[in-house]
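Let me begin by presenting the structure, written as structure tokens, before commenting on it.
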Amino acid sequence: MLTLSPSLNADLHCHSVVSDGTQTPEWLAERAHANGVQLWALTDHDEVGGIDRAAAAAAALGLPFLAGVEISVTWADKTVHIVGLGIDHTQPALIEGLRRTRGGREERAREMARQLEQVGIPGAFEGALRYVGNPDLISRSHFARYLVEIGACADIGEVFRRFLTEGKPGFVPHRWATLEQAVGWIRDAGGMAIIAHPARYGFTPQQEHALFSSFCQLGGQGVEVVTCSHTAEEVEVYHRMALDFGLYASRGSDFHSPGESRLDLGLLPPLPSGLTPVWEHLGHRVRMPDGASATLSST
Ligand code: AMP
Ligand code: MN
Ligand code: MN
Ligand code: MN
540 MLTLSPSLNA DLHCHSVVSD GTQTPEWLAE RAHANGVQLW ALTDHDEVGG
590 IDRAAAAAAA LGLPFLAGVE ISVTWADKTV HIVGLGIDHT QPALIEGLRR
640 TRGGREERAR EMARQLEQVG IPGAFEGALR YVGNPDLISR SHFARYLVEI
690 GACADIGEVF RRFLTEGKPG FVPHRWATLE QAVGWIRDAG GMAIIAHPAR
740 YGFTPQQEHA LFSSFCQLGG QGVEVVTCSH TAEEVEVYHR MALDFGLYAS
790 RGSDFHSPGE SRLDLGLLPP LPSGLTPVWE HLGHRVRMPD GASATLSST
């Protein structure tokens with residue numbers, strides 16, 4: 540039995556080699572379990588190809604699991620990430636939508652490499668490709684690893700300060716799914732849509748308010764309050780936003796790699812008190828290892 544209390548050590552956001560993480564779904568399940576995670580989700584970018592492996596590994600370890608995904612969205616000409624949790628990852632409309640969302644990544648990557656070549660970094664497409672676990676999903680993270688490998692930057696953070704972001708060499712804008720599509724696919728697959736790492740988008744308060752309003756109107760229900768890239772102040776800002784918009788609160792490390800990620804799986808601060816965690820609403824979607832059920836705590 541799993542008690543879905545607010546203090547549960549839930550880690551509901553991470554990436555495997557199926558998108559831009561460096562580790563397998565099985566490695567992640569073991570690490571989550573070893574670090575005391577009590578409810579785990581794999582949320583690869585625009586891909587559900589790792590879910591069966593993650594679910595099997597979690598079951599073997601006795602670790603309750605939610606199927607997840609992180610969908611790339613273009614909203615107000617910026618990229619926003621929407622996490623879906625508790626999805627039926629075999630749902631055809633979701634699979635087709637994700638396939639279309641992934642489309643064009645290779646062309647984008649070739650253009651990124653062309654731009655990098657112009658600033659004296661040749662061979663970046665081939666170099667990035669050596670880090671790619673899934674040929675459908677060449678991402679900026681793979682380029683970042685290559686730029687660190689060749690010594691162009693000291694670490695991943697420096698890459699995203701000097702390259703690959705708006706106004707810098709190697710940035711190629713891309714049109715992802717719409718917010719309506721992403722929320723719709725997640726809901727139609729029985730899951731909950733959640734705004735990922737909201738502090739990272741650089742929106743004005745007005746834009747942010749518009750994003751949250753549209754998201755709620757479309758049927759989105761959650762926001763990531765605790766995640767590796769949020770400062771204590773940002774946690775407080777999105778604590779408030781969750782209450783103002785009546786959203787469930789999520790908690791996830793956004794772990795990509797042991798060498799790169801700021802926070803290891805499960806080693807996150809707790810959700811602030813007074814919020815309703817997403818897992819209180821997702822008990823019926825949790826895959827329990829022994830077929831037992833997840834129950835809501837009365838405390
Ligand atoms: P893409 O989907 O190809 O645009 O790549 C986006 C990925 O790049 C994100 O999911 C992160 O893993 C990574 N990323 C973006 N910005 C940063 C940053 N400032 N520091 C580290 N990783 C970043
Ligand atoms: Mn990523
Ligand atoms: Mn993200
Ligand atoms: Mn992520």
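Under our numbering, the first residue of the sequence shown carries the number 540, and numbering increases by one thereafter.
Backbone N, C-alpha and C define an ideal beta-carbon position, used for all residues, glycine too.
- Can you give me the start and stop residues for the beta strand (DSSP E) that residue 604 sits inside? 604-614
- When DSSP builds the beta bridges, which residues end up paired with residue 787? 761
- Query: When a residue counts only if its C-beta is closer than 6 Å to some heavy atom of ligand 1, which residues count, in chain order?
  - Reply: 559, 584, 611, 678, 679, 680, 695, 696, 699 and 795
- Query: What is the DSSP secondary structure of residue 794, reduced to helix, strand or coil?
  - Reply: strand
- Roughly how many angstroms separate the alpha carbons of residue 771 and residue 783, rounded to a whole number? 19 Å
- So, helix, strand or coil for residue 558, using DSSP? coil
- Counted within 10 angstroms of its Cβ, other Cβ atoms place residue 679 as buried (16 or more) or exposed: buried
- Message: Please enumerate, following chain order, all residues with a beta carbon closer than 6 Å to at least one heavy atom belonging to ligand 5.
- Response: Ligand 5 is not part of this structure, which contains only ligand 1, ligand 2, ligand 3 and ligand 4.
- Task: Answer with buried or exposed for residue 792, where buried requires no fewer than 16 other C-beta atoms within 10 angstroms of its C-beta.
- Result: buried
- Could you spell out where the alpha helix (DSSP H) holding residue 581 opens and where it closes? Residue 581 -> not in any alpha helix (DSSP H); beta strand (DSSP E) instead, spanning 578-581.
- Close-in-space but distant-in-sequence residues of the same chain around residue 827 (CB under 7 Å, 5 per side omitted): 541, 603 and 833
- Message: For residue 695, which residues in the same chain have their Cβ closer than 7 Å to its Cβ, ignoring the five residues on either side in sequence?
- Response: 683, 687 and 799
- Query: Is residue 789 buried or exposed, if buried means 16 or more other CB atoms sit within 10 Å of its CB?
  - Reply: buried
- Message: So within the stretch 673-741, which uninterrupted beta strand (DSSP E) runs reach at least 3 residues, ignoring any that extend past its ends?
- Response: 731-734
- From 759, 607 and 588, pick the residue whose C-alpha is nearest to that of residue 580; which is it? 607
- Close beta carbons around residue 730, own chain, < 6 Å, minus the five adjacent residues each side: 623, 624, 625 and 626
- Compute the minimum distance between the beta carbon of residue 803 and the heavy atoms of ligand 4, and state whether it is under 7 Å. no
- Within 10 angstroms of its Cβ, does residue 689 collect 16 or more other Cβ (buried), or is it exposed? exposed
- Task: State the beta-bridge partners of residue 572 as determined by DSSP.
- Result: None, per the DSSP bridge assignment.
- Message: Within 8 Å, do at least three Cβ pairs link the stretch 717-725 to the stretch 614-623?
- Response: yes
- Message: Need the endpoints of the beta strand (DSSP E) that residue 621 sits in, please.
- Response: 617-624
- Nearest-angstrom Cβ-Cβ length linking residue 585 and residue 637, presumed shorter than 8 Å: 5 Å
- Query: Would you say residue 554 touches ligand 2, meaning its beta carbon is less than 7 Å from a heavy atom?
  - Reply: yes
- With distances taken from CA atoms, which of 587, 663, 592 and 605 is nearest residue 629? 587
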